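S.K.:
There are 2 protein chains.
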Amino acid sequence: MLNTPPFRIKGRKTLLLADGEFPTAKAKTAVCFIRYREKDAAVVLDRGNAGKTVFDTLGIGRNIPIVATVEEAKAFHPEIAIVGVAPRGGHLDDIFREQILECIDAGMDIISGLHVFLEDDKEIREALSKSGSQIWDVRRVSEEGTIASGNGCTTGARSVLTVGTDCGVGKMTVTYELYMEAVRRGLNVSWAATGQTGMILRERGIAIDRVISDFIGGATEALVNLEGVGKDVVLVEGQGALIHPGYAGVTLGLMFGAMPDCMVLVHDVERDKVREYNVEIPPLSEVIRLHQLVMAPLKDVPFAGVALNTSCLGEEEARDMIRTVEKETGLPAGDMVRFGAGEVVDGIVECLTKKGR
Amino acid sequence: MLNTPPFRIKGRKTLLLADGEFPTAKAKTAVCFIRYREKDAAVVLDRGNAGKTVFDTLGIGRNIPIVATVEEAKAFHPEIAIVGVAPRGGHLDDIFREQILECIDAGMDIISGLHVFLEDDKEIREALSKSGSQIWDVRRVSEEGTIASGNGCTTGARSVLTVGTDCGVGKMTVTYELYMEAVRRGLNVSWAATGQTGMILRERGIAIDRVISDFIGGATEALVNLEGVGKDVVLVEGQGALIHPGYAGVTLGLMFGAMPDCMVLVHDVERDKVREYNVEIPPLSEVIRLHQLVMAPLKDVPFAGVALNTSCLGEEEARDMIRTVEKETGLPAGDMVRFGAGEVVDGIVECLTKKGR
Numbered sequence: 003m004l005n006t007p008p009f010r011i012k013g014r015k016t017l018l019l020a021d022g023e024f025p026t027a028k029a030k031t032a033v034c035f036i037r038y039r040e041k042d043a044a045v046v047l048d049r050g051n052a053g054k055t056v057f058d059t060l061g062i063g064r065n066i067p068i069v070a071t072v073e074e075a076k077a078f079h080p081e082i083a084i085v086g087v088a089p090r091g092g093h094l095d096d097i098f099r100e101q102i103l104e105c106i107d108a109g110m111d112i113i114s115g116l117h118v119f120l121e122d123d124k125e126i127r128e129a130l131s132k133s134g135s136q137i138w139d140v141r142r143v144s145e146e147g148t149i150a151s152g153n154g155c156t157t158g159a160r161s162v163l164t165v166g167t168d169c170g171v172g173k174m175t176v177t178y179e180l181y182m183e184a185v186r187r188g189l190n191v192s193w194a195a196t197g198q199t200g201m202i203l204r205e206r207g208i209a210i211d212r213v214i215s216d217f218i219g220g221a222t223e224a225l226v227n228l229e230g231v232g233k234d235v236v237l238v239e240g241q242g243a244l245i246h247p248g249y250a251g252v253t254l255g256l257m258f259g260a261m262p263d264c265m266v267l268v269h270d271v272e273r274d275k276v277r278e279y280n281v282e283i284p285p286l287s288e289v290i291r292l293h294q295l296v297m298a299p300l301k302d303v304p305f306a307g308v309a310l311n312t313s314c315l316g317e318e319e320a321r322d323m324i325r326t327v328e329k330e331t332g333l334p335a336g337d338m339v340r341f342g343a344g345e346v347v348d349g350i351v352e353c354l355t356k357k358g359r
Numbered sequence: 003m004l005n006t007p008p009f010r011i012k013g014r015k016t017l018l019l020a021d022g023e024f025p026t027a028k029a030k031t032a033v034c035f036i037r038y039r040e041k042d043a044a045v046v047l048d049r050g051n052a053g054k055t056v057f058d059t060l061g062i063g064r065n066i067p068i069v070a071t072v073e074e075a076k077a078f079h080p081e082i083a084i085v086g087v088a089p090r091g092g093h094l095d096d097i098f099r100e101q102i103l104e105c106i107d108a109g110m111d112i113i114s115g116l117h118v119f120l121e122d123d124k125e126i127r128e129a130l131s132k133s134g135s136q137i138w139d140v141r142r143v144s145e146e147g148t149i150a151s152g153n154g155c156t157t158g159a160r161s162v163l164t165v166g167t168d169c170g171v172g173k174m175t176v177t178y179e180l181y182m183e184a185v186r187r188g189l190n191v192s193w194a195a196t197g198q199t200g201m202i203l204r205e206r207g208i209a210i211d212r213v214i215s216d217f218i219g220g221a222t223e224a225l226v227n228l229e230g231v232g233k234d235v236v237l238v239e240g241q242g243a244l245i246h247p248g249y250a251g252v253t254l255g256l257m258f259g260a261m262p263d264c265m266v267l268v269h270d271v272e273r274d275k276v277r278e279y280n281v282e283i284p285p286l287s288e289v290i291r292l293h294q295l296v297m298a299p300l301k302d303v304p305f306a307g308v309a310l311n312t313s314c315l316g317e318e319e320a321r322d323m324i325r326t327v328e329k330e331t332g333l334p335a336g337d338m339v340r341f342g343a344g345e346v347v348d349g350i351v352e353c354l355t356k357k358g359r
């Protein structure tokens, strides 16, 4: 069930294909790669920002160049090209298709998180066999599947799930920041990647939103039990949002598959509505309560903390916002990217310690 | 997106393959076919009950014979064979495979609701091309899909969704009974089949549990908008249960795709736990409240009634139970199969009339 790349990713120079989308929310795969694999991010392709550096447009990523064509990108000797956008529905447009073919001709290995599998495209397959490049279709999942048992992680590891007020609020980022902080503290921890961006960092995982819907929970369960082996804690990257008209089914299936011992709520303070939908995000304490009510028939699941994306606020405002959220929810809160994951990891440790199995 | 059979079903003599499972809950496809297409149900294959009639084992279905082999079934001249079992996970075992091959050799068309597609089986394909038979893989869905818009049915039809306390409690049966009662009253109504059994009766639909999980809501939305054309009301067959560890993702995706104007709760009074899981079914009023809380961020959705399966009770007990549930929930209740769908259709009409668009 686990999907792993046919080639090594870490330590190889990478071109991020993000044409027309950098550095918007749709380019989240590219942005996350730059954040957590900065050394490997050799060059970004985005015609609109060509000539600038990543730092100019994103505020991180030092002087990584942005170019307009694959031809120009080749000057930076990329070995891998990542389709660094996550379009709604996951389809491939003609511009990306052309760029991918050029990358293959130049001998690069390709990573794609699209719903459409590049390996199923005849022209792309022919180009691959000519150049010797390989493709990792991150979203490829087994057609086979199992129905969730409802037992969650049975390896002895406790599981912690990130859930959100919307998609694209930073559940993957938060999961990874929590993981790194937990590692720094010497905890025996792993994490389960459930979406394309996380899987590229983790170099394995299952794209839960691509699984046949009967098997969402079963696939999550299988993944958590793989990542939990020999660990005390497994952090599970959530997907979608329980209040999201398009993705809530994936979210709930994943919740019941993971059967977490505690959850962390992720929220972007700039967002008051679900993106692209006319759905207001309720107060965070209500969102927390909703998740607990939905889990309640199966398991009482406490929340360990709230992870905020405060990037739209100045530093003082951000700290005020965090205090306000702590007061409203009664939980430790923080902005992991900005101020570290310490408080929320404290919350997780407290949750898991308080409530023994 | 809509899946339709390559041959006519209604009016043709049908063999129901239900070996080892008749008339258990796993043979629900066969049982429902007998209930609603009694004239077409020519013969049942189930070795354990061979020699009896369907009436002997099920209490309905008159003297439809039960036989032990396809060879014996041929005496009743079936033109279609239906894989009449719905095993957990939807896989095909060797016994059924052998029987299906025999049916094909005998010239029967085949209907299968399994997750495994018969048409993808080389030996079965070869047998088909030899005999000229055709196969309808009911669960086959398009790989393509769309993300739900959150707008539900936009044809002008109001939508009514059945939801359950578990899977296999009778959501399909209730949807179909409500449909027939609504037709009897002259309402301009259609229904949307979302699972294999319903699709066989409807001769079209989408097997929602087979759709890629990102597209559950989008597929439901597409289906409801097809069935809603030119209608005042579209009844939507629900799937799974919001409290089901294995299937809740499908259930919620379907709820958000259908965006119902009202819901009907379906419950089997014999069941106090989710079948095969250690999850207690909460009091019905709590189950109702849970569905409403989950829908609330998107839409306030009233319940129109409660449909009970009281088959484990005597008639007087059943009527008492219905009154008790009416008192507990404040909603009209009934057992559609036993006492008719009148009360709940009244409830639906009241719901849809009270709350104009």
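Protein chains in written order, with our numbering: chain A, 3 to 359; chain B, 3 to 359. No residue lacks a Cβ here, since even glycine has one placed at the ideal position from N, Cα and C. Note that this is a predicted model, so its numbers are computed, not measured.
Within 10 angstroms of the Cβ of Leu204 of chain B, are there 16 or more other Cβ atoms? Answer buried if so, exposed if not.
M.R.: By one-based count along the second sequence, residue 204 of chain B stands at place 202. First, the residue type needs correcting, since residue 204 of chain B is Arg and not Leu in the sequence shown. Arg204 of chain B comes out buried.
S.K.: So who's on the other strand from Ser192 of chain B, going by DSSP bridges?
M.R.: Position 190 of the second sequence, counting from 1, holds the residue named residue 192 of chain B. Ser192 of chain B is bridged to B:Val236.
S.K.: List the residues of chain A that Arg212 of chain B touches, going by C-beta distances under 8 angstroms, in chain order.
M.R.: Mapped onto the second sequence, residue 212 of chain B falls at position 210. In chain order: Ile214, Ser215 and Asp216.
S.K.: For Phe9 of chain B, which residues of its own chain have a beta-carbon under 8 angstroms away from its beta-carbon, when the five flanking residues on both sides are left out?
M.R.: For the purposes of this step, residue 9 of chain B is taken as the residue at position 7 of the second sequence. Cβ within range, chain order: Ile82, Asp111, Gln136 and Trp138.
S.K.: Which bits of chain B does Leu295 of chain A rub up against, with CB to CB less than 7 angstroms?
M.R.: For the purposes of this step, residue 295 of chain A is taken as the residue at position 293 of the first sequence. What Leu295 of chain A touches in chain B: Leu292 and Leu295.
S.K.: Spell out a yes or no on whether the segment 309-327 of chain B and the segment 316-333 of chain A are touching, meaning 3 or more CB-CB pairs, one atom from each, closer than 8 angstroms.
M.R.: Touching, no, given that fewer than three Cβ pairs across the two stretches are closer than 8 angstroms.
S.K.: Going along the chain, which residues of the segment 245-266 of chain B sit with their C-beta nearer than 9 angstroms to a C-beta in chain A?
M.R.: Within the segment 245-266 of chain B, the residues whose Cβ lies closer than 9 angstroms to some Cβ of chain A are Ile245, His246, Pro247, Gly248, Tyr249, Ala250, Gly251, Val252, Thr253, Leu254, Gly255, Leu256, Met257, Phe258, Gly259 and Met261, listed in chain order.
S.K.: Name, in chain order, the residues that DSSP records as bridge partners for Glu282 of chain A.
M.R.: Numbered from 1 along the first sequence, position 280 holds the residue referred to as residue 282 of chain A. BP columns for Glu282 of chain A point to A:Lys275.
S.K.: In terms of residues, what are the limits of the beta strand (DSSP E) holding Met265 of chain A?
M.R.: In the first sequence, the residue the question calls residue 265 of chain A occupies position 263. Cys264 to Asp270 is the extent of the beta strand (DSSP E) around Met265 of chain A.
S.K.: Comparing alpha-carbon positions, which option in B:Gly61, B:Glu278 and B:Glu223 lies nearest Met257 of chain B?
M.R.: Taking the first residue of the second sequence as position 1, residue 257 of chain B is located at position 255. Taking only the C-alpha atoms, the option nearest Met257 of chain B is B:Glu223.
S.K.: Starting from Asp96 of chain A, trace the alpha helix (DSSP H) in both directions and tell me its first and last residue.
M.R.: By one-based count along the first sequence, residue 96 of chain A stands at place 94. From DSSP, the alpha helix (DSSP H) with Asp96 of chain A extends over Asp96 to Asp107.
S.K.: Which residue from A:Asp58, A:Ile102, A:Leu94 and A:Gly53 puts its Cα closest to that of Val72 of chain A?
M.R.: Start at 1 with the first residue of the first sequence, and residue 72 of chain A comes out as number 70. The shortest C-alpha separation from Val72 of chain A is found at A:Ile102.
S.K.: Distance, Cα to Cα, Gly248 of chain B vs Ala150 of chain A?
M.R.: The residue you call residue 248 of chain B lines up with position 246 of the second sequence. The residue you call residue 150 of chain A lines up with position 148 of the first sequence. Taking the straight line joining both Cα atoms gives about 5 angstroms.
S.K.: Does the beta carbon of Val238 of chain A sit closer than 8 angstroms to a beta carbon anywhere in chain B?
M.R.: Residue numbering aside, residue 238 of chain A sits at position 236 when the first sequence is read from its first letter. No - not a single Cβ of chain B is within 8 angstroms of the one on Val238 of chain A.
S.K.: Inspect the beta-carbon positions of Val87 of chain B and Ile113 of chain B and report whether they are closer than 8 angstroms.
M.R.: As a first step, residue 87 of chain B is located in the second sequence; it is residue number 85 there, counting from the start. As a first step, residue 113 of chain B is located in the second sequence; it is residue number 111 there, counting from the start. No, Cβ-Cβ distance for Val87 of chain B and Ile113 of chain B is not below 8 angstroms.
S.K.: Leaving out the 5 sequence neighbours to the left and right, which residues in its chain are closer than 8 angstroms to Val281 of chain A when beta-carbon positions are compared?
M.R.: Here residue 281 of chain A is taken as the residue at index 279 of the first sequence, counted from 1. Counting only Cβ-Cβ distances below 8 angstroms, and skipping sequence neighbours, we find Ile245, His246, Pro247 and Lys275.
S.K.: Judging by CA-CA distance, which residue of A:Leu310, A:Glu179, A:Ala309 and A:His293 is the nearest neighbour of Asp302 of chain A?
M.R.: Within the first sequence, numbered from 1, the residue matching residue 302 of chain A stands at position 300. If we check each option's Cα against that of Asp302 of chain A, A:His293 comes out closest.
S.K.: How about the segment 28-45 of chain B and the segment 160-179 of chain B: do they share at least three Cβ pairs that are nearer than 8 angstroms?
M.R.: Contact between the segment 28-45 of chain B and the segment 160-179 of chain B is present, because at least three Cβ pairs lie under 8 angstroms.
S.K.: For Pro299 of chain A versus Pro284 of chain B, is the C-beta spacing smaller than 8 angstroms?
M.R.: Taking the first sequence and counting its residues from 1, one reaches residue 299 of chain A at position 297. Taking the second sequence and counting its residues from 1, one reaches residue 284 of chain B at position 282. Yes, they are a contact pair.
S.K.: Can you list, in chain order, the residues of its chain whose CB lies under 6 angstroms from that of Ile126 of chain A, leaving out five sequence neighbours each side?
M.R.: Taking the first residue of the first sequence as 1, we reach residue 126 of chain A at position 124. For Ile126 of chain A, where only same-chain residues beyond five positions count, the Cβ hits under 6 angstroms are Leu120.
S.K.: Are at least three pairs of beta-carbons, each pair with one atom in the segment 312-319 of chain B and one in the segment 190-204 of chain B, less than 8 angstroms apart?
M.R.: These segments do not touch.
S.K.: Should Ala150 of chain A be flagged as near chain B, meaning a C-beta pair shorter than 8 angstroms?
M.R.: On the first sequence, residue 150 of chain A is found 148 positions in, with the first residue counted as 1. True, the Cβ-Cβ gap to chain B drops below 8 angstroms.
S.K.: So, does the CB of Pro284 of chain A fall closer than 8 angstroms to a CB anywhere in chain B?
M.R.: Within the first sequence, residue 284 of chain A is the residue found at index 282, counting from 1. At least one chain B Cβ lies under 8 angstroms of Pro284 of chain A.
S.K.: Between the alpha carbons of Asp163 of chain B and Glu288 of chain B, how many angstroms are there, rounded?
M.R.: Start at 1 with the first residue of the second sequence, and residue 163 of chain B comes out as number 161. Start at 1 with the first residue of the second sequence, and residue 288 of chain B comes out as number 286. Contrary to the premise, residue 163 of chain B reads as Leu rather than Asp in this sequence. Their backbone Cα atoms lie some 18 angstroms apart in a straight line.
S.K.: With DSSP as the reference, please indicate the residues paired to Asn311 of chain B in a beta bridge.
M.R.: Residue mapping note: residue 311 of chain B aligns to position 309 of the second sequence, counting from 1. According to DSSP, Asn311 of chain B bridges with B:Asp270.
S.K.: Based on the DSSP output, what are the partners of Asp139 of chain A in its beta bridges?
M.R.: Along the first sequence, read from residue 1 onward, the residue named residue 139 of chain A stands at position 137. Per DSSP, A:Ser114.
S.K.: How should Thr6 of chain A be labelled, buried or exposed, when 16 other C-beta atoms within 10 angstroms of its C-beta is the threshold for buried?
M.R.: Locating residue 6 of chain A in the first sequence gives position 4, where the first residue counts as 1. Classification of Thr6 of chain A: exposed, given that the 10 Å Cβ count is below 16.
S.K.: Does the beta carbon of Arg359 of chain A come closer than 8 angstroms to any beta carbon on chain B?
M.R.: Indexing the first sequence from 1 puts residue 359 of chain A at position 357. With a pLDDT of only 43 at Arg359 of chain A, under the threshold of 50, the placement of this residue in the model should not be trusted, and no figure is reported.
S.K.: What residues from chain A crowd round Leu300 of chain B, counting only those whose CB sits closer than 8 angstroms?
M.R.: Position 298 of the second sequence, counting from 1, holds the residue named residue 300 of chain B. Near Leu300 of chain B (Cβ distances below 8 angstroms), the residues of chain A are Ile245, Pro247 and Val281.
S.K.: So, at 6 angstroms on beta carbons, what are the nonlocal neighbours of Pro304 of chain A in its own chain, with the 5 sequence-adjacent residues on each side left out?
M.R.: Mapped onto the first sequence, residue 304 of chain A falls at position 302. The residues are Cys264 and Cys353.
S.K.: Compute the Euclidean distance between the alpha carbons of Ala209 of chain A and Phe217 of chain B, then round it to the nearest angstrom.
M.R.: Taking the first sequence and counting its residues from 1, one reaches residue 209 of chain A at position 207. Taking the second sequence and counting its residues from 1, one reaches residue 217 of chain B at position 215. Ala209 of chain A and Phe217 of chain B: Cα-Cα distance of roughly 14 angstroms.
S.K.: Using the rule of at least 16 other Cβ atoms within 10 Å of the residue's Cβ for burial, across every protein chain shown, is Lys132 of chain A buried or exposed?
M.R.: Taking the first sequence and counting its residues from 1, the one referred to as residue 132 of chain A is at position 130. Counting Cβ neighbours within 10 Å, Lys132 of chain A comes out exposed, since fewer than 16 surround it.
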